[in-house]
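The structure under discussion appears below in the form of structure tokens.
Number of protein chains: 2
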Amino acid sequence: MSDELRVYDKPLSPLSLLERTLHVFPQQTACVYGDQRWSWAEFGALIGRFAGALRRAGIGPGDRVAFLAPNVPELLAAHFAVLQVHAVLVAINTRLKSEEVGYILNHSGAKLVMVDPELAPIVRDIPHPLDANPAFVNVEDPVAGMTGTPLDGPTYAEWSAGADVLPIVNDIDDEFRTTSINYTSGTTGRPKGVMYTHRGAYLNAVGAMSSHRLDRESAFLWTLPLFHCNGWCFPWSVSGVGGKHVMLRAVDPPKIVELIQSENVTHFNGAPTVLLMLAESPAAQGIHFDPPIRVATGGAPPSPTLLATMEELGIKVTHLYGLTETYGPHTFCEMQEGWDQLDTEGRAQVMSRQGVPFHTAAYVRVVDDRMNDVAPNAEEMGEVVMTGNNVMKGYFEDPEATAEAFRGGWFHSGDIGVMHPDGYIELRDRKKDIIISGGENISTIEVEHTVVKHPDVLECAVVSMPHEKWGEVPKAFVSLREGASPTEQEVIDFCRERLAHYKCPKAIEFIDLPKTSTGKIQKFKLREKEWAGRTERIYGGQAKGS
Amino acid sequence: MSDELRVYDKPLSPLSLLERTLHVFPQQTACVYGDQRWSWAEFGALIGRFAGALRRAGIGPGDRVAFLAPNVPELLAAHFAVLQVHAVLVAINTRLKSEEVGYILNHSGAKLVMVDPELAPIVRDIPHPLDANPAFVNVEDPVAGMTGTPLDGPTYAEWSAGADVLPIVNDIDDEFRTTSINYTSGTTGRPKGVMYTHRGAYLNAVGAMSSHRLDRESAFLWTLPLFHCNGWCFPWSVSGVGGKHVMLRAVDPPKIVELIQSENVTHFNGAPTVLLMLAESPAAQGIHFDPPIRVATGGAPPSPTLLATMEELGIKVTHLYGLTETYGPHTFCEMQEGWDQLDTEGRAQVMSRQGVPFHTAAYVRVVDDRMNDVAPNAEEMGEVVMTGNNVMKGYFEDPEATAEAFRGGWFHSGDIGVMHPDGYIELRDRKKDIIISGGENISTIEVEHTVVKHPDVLECAVVSMPHEKWGEVPKAFVSLREGASPTEQEVIDFCRERLAHYKCPKAIEFIDLPKTSTGKIQKFKLREKEWAGRTERIYGGQAKGS
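Spelled out as structure tokens, the structure:
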């Protein structure tokens with residue numbers, strides 16, 4: 065059949081979502097940052113000029129454009145402008161060190177690097193040459209003011225001035241074209257470049273519209289870093305419904321409370337740590353948001369305490385789970401009839417599960433080493449594996465790692481979980497975190513769930529420590545609520561009343577927990593401390609901590 | 065790249081929506097009919113056995129399975145069972161005559177025909193042999209009872225007994241595989257077989273979830289015939305969210321009111337005629353549904369009277385537009401900020417427009433004969449054309465009609481409309497309905513809008529009638545509210561106060577308007593009456609009424 069007759073076969077792309085919104089909602093507010101406000105017509109023009117400047121700068125199909133910035137409007141705009149010239153966005157984690165950023169710039173071969181002046185020192189201190197000899201653009205931030213010495217290059221305003229305003233149109237030739245490369249956090253080993261496609265981004269965005277109930281009245285607050293899995297595709301889904309983006313340079317609880325109220329925020333996303341920070345903030349005391357705000361959280365299940373606190377605040381929590389390799393969320397704990405009526409404890413229990421795939425995310429299984437499904441008994445552990453349109457296309461220029469991750473035709477998450485009888489998955493551990501004590505598997509997450517039930521405990525991380533008899537045993541690192549001071553033995557006894565004794569921590573240490581930029585606790589740092597100078601046991605053929 | 069590594073490239077199919085719901089919501093109610101109720105686990109088993117029986121009957125990939133039945137559970141189930149064996153569903157309009165049904169059975173080459181006993185006479189009276197020599201299955205209806213002599217063949221129960229229950233799984237090899245063929249109403253000329261694909265049906269369903277705010281608490285009442293564009297893809301979207309299907313054999317206002325209340329219906333779809341029928345019914349008097357029910361309506365814009373009446377009833381109306389060739393709805397009148405606050409008259413005015421494409425429906429234009437866009441001034445008329453993933457794959461075994469419909473790479477709707485300055489389309493007429501009077505184009509829809517504003521008028525249809533001087537002039541056929549009896553001249557004068565005089569009807573006739581099975585007024589019958597024995601003018605190179 066001639067191409068003219070394939071009227072029905074149009075590539076899926078986030079560009080068509082923006083194109084529609086510019087057509088339908090030109091006068092609605094698109095983006096708010098400080099005292100700057102853009103309508104969709106204005107923000108569309110900004111994106112169009114951005115795209116025009118990219119083209120003028122020689123950026124074309126497949127070229128990589130790197131971005132190192134907090135959640136400023138230009139980074140949001142890049143999620144469309146870079147795609148419009150069929151190039152590839154590389155949004156880099158702003159907490160990385162110079163060596164890591166340098167590695168990513170070289171590995172991605174970025175031709176253009178856009179940098180917030182505050183982060184310029186990270187780039188300036190890269191200890192090796194950048195092979196692609198990229199151009200730099202300084203993305204000044206009028207809200208934050210100029211807080212650092214810019215790199216050698218124009219400001220964004222200078223760079224984009226006078227560029228053609230390209231029309232926003234889905235003219236993508238192949239829906240499997242790469243939209244972006246998101247580098248894994250690479251707690252150990254080199255970061256890997258996860259490739260997203262126009263098709264995957266589109267389907268994820270359209271699925272999110274329905275699952276998170278986004279519409280033209282939605283106002284989305286950017287607490288989640290945009291560099292984190294392209295903000296779980298929310299740049300595309302919120303724009304697709306004609307909603308409003310409320311930008312936020314840093315997670316700052318009083319600012320969050322203020323913006324929620326002044327901008328009528330309806331949605332935001334963040335790790336439980338971010339929610340805890342908000343709940344503990346004096347600015348949130350006595351506040352109850354009505355109508356409630358929808359908040360999606362991932363990285364750790366919401367504890368009963370967290371759920372109760374969120375309810376008081378007027379926040380409706382959705383628990384979801386995924387990885388960089390799955391465009392962010394792949395599953396969520398879809399609520400069943402009657403769950404809303406459970407008490408906080410009961411709700412926390414059902415909601416602690418990572419759940420079932422999104423409509424557009426297809427499949428998830430829990431399998432043993434031979435890719436057989438584990439028994440759906442909430443007991444037998446296996447690795448969580450996924451397929452579907454929101455699994456990455458592969459690792460950029462790393463066919464070996466791609467083949468390893470996709471062995472057997474499924475993406476291997478490296479997460480250990482169980483399957484409940486009702487088909488909901490629940491994580492038990494990262495493959496590298498699980499503790500094998502006297503031959504028994506111990507899920508550190510299960511132990512953590514118990515420890516945090518102690519009324520004095522704010523947060524907790526459990527890792528293995530060496531043990532003469534059992535090989536390894538659990539140790540808990542605990543941060544306490546303000547003013548609390550339980551003894552180590554009190555917390556251990558609390559666990560022994562609630563858990564099989566072999567699973568209970570044999571030691572407790574009270575500390576400030578080390579965290580990543582996205583609020584995840586860095587267990588590997590704690591484990592390294594315990595195992596310094598020793599060799600950990602092997603699990604599943606893979607050296608732990610490697 | 066080897067197939068194993070294309071983990072991310074999974075064909076889109078409505079089957080994956082059902083598969084997910086069977087996994088996530090097995091205990092929720094799937095379907096209600098009379099005093100029969102099925103959970104999703106039960107309905108999934110029914111579908112699986114249906115698929116097993118199809119396979120046992122020798123139905124395989126690409127084979128056509130025809131269905132002639134009202135909105136019974138088996139026809140809903142067929143929307144998945146037929147797809148599961150990779151066959152093609154042909155759901156036939158139940159109001160067609162024997163000759164027409166015979167034509168469709170022969171043209172589609174259906175190997176199996178499933179018929180409701182009440183409709184058996186239509187099949188029995190087909191005046192010519194059926195070339196494919198199909199097998200027949202009698203789909204008995206325990207709710208309606210056996211109202212006709214069945215055809216020579218087993219009942220559905222007998223036919224499906226003992227068949228394997230096939231697993232519901234998206235194992236589609238190619239997302240452009242045909243799901244169904246829906247024959248156009250073919251008011252004149254032969255019906256054409258519109259082919260839908262798995263990809264198109266999936267995207268349409270996922271788009272509808274978000275646009276119509278469907279979720280697991282949705283209960284959808286089947287007032288819209290399932291044979292009408294596969295029920296606008298609602299079999300797939302409602303099932304995809306785990307909602308409840310409330311089946312309905314015939315549009316019966318007291319029954320509708322009763323089911324809305326007993327089943328907590330949240331959504332239904334229907335032509336304005338169906339809504340009027342409901343509003344005028346004694347059963348609806350004094351009723352106010354709370355929370356309001358979402359109703360999508362198409363075929364004609366909702367009048368101010370209709371909107372006011374629906375508001376009293378507690379019904380929130382969405383106006384949408386499409387054709388069989390676009391899986392049903394392609395555009396809808398997306399509400400803008402502030403429109404909710406307009407008075408009924410103002411709201412009816414903005415809502416009379418057919419609007420903008422759905423998120424998943426991509427493009428719509430209004431073009432002249434050379435495919436140039438008309439000026440977006442709400443004045444200049446042109447043909448409405450579409451592209452995108454919810455345009456049909458083509459007409460079954462009719463490459464010439466397909467090429468004609470897709471000329472220039474766009475689907476030609478045959479509808480005449482204007483583009484408003486804000487990018488919303490508004491229909492002016494069917495290409496074949498427009499009146500050319502003394503060289504001026506007159507939109508019969510515009511005239512109808514004026515006539516129905518008269519307080520005595522319930523519904524109205526305007527067609528051309530011959531005129532010595534002007535060639536043709538408008539004539540209005542009007543059905544009146546109960547008890548009203550205006551004169552012809554009163555209605556004409558009412559129009560002359562509101563419309564350019566050349567657009568006003570030159571004659572009024574008070575009658576019961578002839579309608580199709582889906583509630584559309586059959587203008588061609590009225591026009592035929594006026595033009596009996598004469599030749600109509602030519603418009604746009606196409607003989608009107610041909």
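Quick mapping for you: the protein sequence lines, in order, are chains S and L.
The first sequence lines up with residues 65 to 610 when you count with our numbering.
The second sequence lines up with residues 65 to 610 when you count with our numbering.
Note that the Cβ used here is the ideal one computed from N, Cα and C, for glycine as well.
Cβ of residue i within 8 Å of Cβ of residue j?
i: residue 181(S); j: residue 212(S); result: yes
i: residue 373(L); j: residue 343(L); result: yes
i: residue 515(L); j: residue 521(L); result: yes
i: residue 149(L); j: residue 123(L); result: yes
i: residue 147(L); j: residue 243(L); result: yes
i: residue 631(S); j: residue 429(S); result: Nothing about residue 631(S) can be reported from this structure: the residues present for chain S run from 65 to 610 only.
i: residue 300(S); j: residue 135(S); result: no
i: residue 196(L); j: residue 226(L); result: no
i: residue 323(S); j: residue 348(S); result: no
i: residue 481(S); j: residue 445(S); result: yes
i: residue 356(S); j: residue 379(S); result: yes
i: residue 512(S); j: residue 567(S); result: no
Beta-carbon within less than 7 Å of residue i's beta-carbon, same chain only, minus the 5 sequence neighbours each way: which residues are those?
i: residue 302(S); result: 278, 282, 284, 309
i: residue 598(S); result: 530
i: residue 387(L); result: 477
i: residue 80(L); result: 234
i: residue 67(L); result: none
In the DSSP assignment, the beta strand (DSSP E) including residue i goes from what residue to what residue?
i: residue 284(L); result: 283-285
i: residue 95(S); result: 93-97
i: residue 385(L); result: 379-387
i: residue 153(L); result: 152-155
i: residue 200(L); result: 199-202
i: residue 522(L); result: 521-531
i: residue 541(L); result: 535-544
i: residue 357(L); result: 357-361
Excluding five sequence neighbours on each side, which residues of the same chain lie with their C-beta closer than 6 Å to the C-beta of residue i?
i: residue 605(L); result: In this prediction, residue 605(L) has a pLDDT of 28, which is less than 50 and means its spatial position is unreliable; what the coordinates show is noted afterwards. Answer for residue 605(L): no residue qualifies.
i: residue 178(L); result: 131, 201, 203
i: residue 507(S); result: 492, 493
i: residue 583(S); result: 335, 337, 338
i: residue 602(L); result: Any reading at residue 602(L) is ruled out, since the residue's pLDDT is 37, under 50, leaving its predicted position unreliable.
i: residue 345(L); result: 317
i: residue 409(L); result: 368
i: residue 42(S); result: Absent from the model: residue 42(S). The displayed extent of chain S is 65 to 610, so no value can be given.
My assumption, with CB atoms under 8 Å, is that residue i sits in contact with residue j. Please give the rounded CB distance.
i: residue 76(L); j: residue 266(L); result: 4 Å
i: residue 164(L); j: residue 289(L); result: No, residue 164(L) and residue 289(L) are not in contact; Cβ-Cβ is about 15 Å, not under 8 Å.
i: residue 311(S); j: residue 140(S); result: 7 Å
i: residue 459(S); j: residue 257(S); result: 6 Å
i: residue 524(L); j: residue 541(L); result: 7 Å
i: residue 572(L); j: residue 543(L); result: Contact flag wrong, Cβ pair sits at about 11 Å.
i: residue 394(L); j: residue 422(L); result: 7 Å
i: residue 85(S); j: residue 306(S); result: 5 Å
Would you mind reading off the limits of the alpha helix (DSSP H) that contains residue i?
i: residue 514(S); result: 508-515
i: residue 68(L); result: That residue, residue 68(L), is in no alpha helix (DSSP H); it is neither H nor E in DSSP.
i: residue 170(L); result: 162-172
i: residue 244(S); result: Note, residue 244(S): premise wrong, no alpha helix (DSSP H); beta strand (DSSP E) at 242-247.
i: residue 176(L); result: Counting along the chain, residue 176(L) falls outside any alpha helix (DSSP H), though it belongs to the beta strand (DSSP E) covering 176-179.
Give me, in chain order, the residues of the same chain whose beta-carbon lies closer than 8 Å to that of residue i; leave out the 5 immediate sequence neighbours on both sides.
i: residue 83(L); result: 232, 233, 234
i: residue 101(S); result: 93, 95
Checklist entry - Which whole runs of the beta strand (DSSP E) in the region 101-136 of chain L are 3 residues long or more, in chain order? => result 128-132
Checklist entry - Can you give, in chain order, each stretch of the beta strand (DSSP E) that sits fully within the region 447-510 of chain L and has at least 3 residues? => result 475-483, 489-494, 499-501, 504-506
Next on the checklist: Please give me, in chain order, every unbroken run of the alpha helix (DSSP H) with length at least 4 that falls completely inside the region 254-331 of chain L.
Outcome noted: 262-275, 293-296, 298-304, 317-326
Item to check | Ranges of the beta strand (DSSP E) found wholly within the region 542-588 of chain S, counting only runs of at least 3 | outcome: 571-574
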